[in-house]
Structures are given as structure tokens and as C-alpha cells.
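Below is one structure, written out as C-alpha cells, with a few remarks after it.
Residue numbers (the numbering used here): -10 to 337.
Quick look at the structure:
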């Protein structure tokens, strides 16, 4: 019973946000359409958006938990409070508005006006930005996954034959960068010529942002022990890394949400509900030490990240349904979870 109460305690705020969010979804449906079917439709879409966000971001929760274990309690709290505000308001509202403002060459207030008065046009602009967003997010996430697998300090392997070879190849300086650039060039040659320039620029920006954020985090962590003030900055490096990682995970969910609705407020509500569950899962994984108990769970998350990066690249060529994306991620994590349980039984 104690374990059950503890589990429910992690779900307290997500459930509160779910009730409030679905209530706002229903009210928004009534205010928009003035009909009961419209109200029910908005409720259903809000629920589906929340489920979509959870499915797409479960691996994000595992990676967040892994990084949070290295952070001080102060920075853990800051990430779990400020981070949720950035995730919900920054990525679910400001990010789509910023895309429209950049690609339509209008100011953010005009983008907000367009989202509220002409959602179809707003969705069309978001759709045109899908290619560059996929290039940036795919590059960043592929670098995240490769960095985990080529780490020479990694002592636990799930798929030993593959992961041992990756560590050997990773000893070659710049291997992961060369690998990602080859993928980018192959995709670039397969898309229309007029889209190649912006695709390549976005991919290089993704590589540049990863290098800067990862380098900053490493630098701050290396000097973290010198003074208390600099130690806090070490937490800042990890905080920045997690925020950029969160943003990359959010790209797919935000873009996919426009396939269900063009109402930016409903998208923010639905994805915001899902983000609360992801944050709660992160807290539970950290406090219960789940990653240490299930030794391959982290591996499953990074395989899922690599699969997501490949899918994001493929979306520059063709549409991949969000259910497929979420299903692959959940399947890989599920297999890792099952493998961890089998290992624990054999060890016992």
C-alpha cells in the first residue's frame, strides 16, 4: 500500500492539471463553436494531445532523470519548476509563434493575431517550417544518442556486440560528428534542390548548438569544485543542456499537434498536460533510483532517441505518423525494461 500511495503522490499535480486542462478544453470548444459536439471534440483532441506528448516524451523523462542525478538538489528543483514553465509556455506557445514570425517575416504579436484569427494560415506556415525543424532536431538528438553510446566510461552494455563496437569507433576523434554529417548529406541529396540550403543550414545549427551546450556543460562541470559560486554554474550547464534537449524532443510533438487541430490554445493545453506527466515521471525515476534498479532502461531511452532522430530526418522526405514515432519509442523502452527484469532474476 505504501508503494501505491507514493506512486499516486507523484501523480497529484498532473491529475490536477488534467482536470483543469480538460475543463479549459471543453470551455474553449464551447466558446469557439457554441455547440455540444464542438465541446466534446475539443475534449477528445485535448486528451489525445496529452497522450501523444506522454508517448513521445517518455524517453525524455528517462534521460532527464539520468542527468538530474548528477545535479545538486538546488538545480534539480530549479529544473523541475522553471523547466516546466519553459516547457509548457516556451515550447508550446512561444516556439510555434517564433516559427511563424521568422518564416512569415512578421512580429510575434502579428503571429499571435494570425494564430487566433486565421489558424489555417498559421498551420500552413508551421507546415512549411517542418523541414528545417526536422533537420535541427534530428541532428541534435542523433548527437545526444551517439554521445551516450561512444562514451568510453560506459561500463554496461545491453546489445553488447553493437555497443562495444560503437565505443571502439567512438575512440576515433570526431567519429560521431562525421557520422551525423554523412546522414545529413544523404538526406540533403534526396530532397528538392530549393530546400537543400535551408535544410543544411538548420542541420549545421543543430550540430553547433549541441557542441556549444555540451561543451559549456563539460567546462562548468570541470571547474565546479573550485568555488561554491562556480559549483552553482555547473548546475547551470546541466540545466541549459536539459532545456535544449527538452526543446528538441518537443519539436515532433508540436508539429504533430497541428495534424489534429490548428487551435494554438488547445495545443498548448493538451501538450501542457502531457508535459506535467513527463515531469512527474522524471521526479519518480530520480527519487526511487529506478535507473539503477533497471540497468537497461537508460539504454532503451537512448536507442529511442536515436530512432526519433532518424524519423525526424525521414520527415524531411515523407510524413511519418506520430503514433508510429511514439510506438517505436515505447517499444524500445519496453524491451529494455523486460531485459532489465530478466537480468535481475538471473542475478538473484
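From the three backbone atoms N, C-alpha and C, an ideal C-beta is built for every residue, glycine too.
Item	Value
Start-to-end residues for the alpha helix (DSSP H) that takes in residue 109	108 to 117
Proximity of residue 121 and residue 188 at Cβ, strictly below 8 Å	yes
The stretch 153 to 161 contacting the stretch 122 to 129, beta-carbon criterion three pairs below 8 Å	no
Residue 60, enclosing alpha helix (DSSP H) - first and last residue	Note, residue 60: premise wrong, no alpha helix (DSSP H); not H, not E.
For residue 91 and residue 123, the rounded distance between their alpha carbons	16 Å
The stretch 96 to 112 / the stretch 267 to 276 touching (three or more Cβ pairs under 8 Å)	no
Distance between residue 28 and residue 22 (C-alpha atoms, nearest Å)	8 Å
Residue burial classification, residue 64 (beta-carbon count within 10 angstroms, cutoff 16)	buried
Contacts around residue 256, its chain only, beta-carbon distance under 6 Å, and the 5 residues preceding and following it disregarded	246
Three-state secondary structure assigned by DSSP to residue 200	helix
CA-to-CA distance, residue 291 to residue 299, given in whole angstroms	12 Å
Which listed residue (39, 89, 24 and 230) has its alpha carbon closest to that of residue 56	230
Simplified DSSP assignment, three categories, for residue 27	helix
Exposure of residue 318, with buried meaning 16 or more beta-carbon neighbours within 10 Å	buried
Anticipated Cβ contact below 8 Å, residue 271 with residue 54, distance rounded	5 Å
Cutoff 6 Å; reference residue 100; Cβ partners in own chain excluding five residues on either side	86, 89 and 90
Assigned secondary structure, residue 162 (DSSP; H/G/I helix, E/B strand, else coil)	coil
Residue from 16, 7 and 18 with nearest C-alpha to residue 43	7
Cβ separation of residue 258 and residue 35, assumed to be a contact under 8 Å, to the nearest whole Å	6 Å
C-alpha distance - residue 378 paired with residue 196, whole-angstrom precision	Residue coverage of the chain in this structure runs from -10 to 337, which leaves residue 378 outside it and unanswerable.
Local conformation of residue 271 per DSSP, three classes	helix
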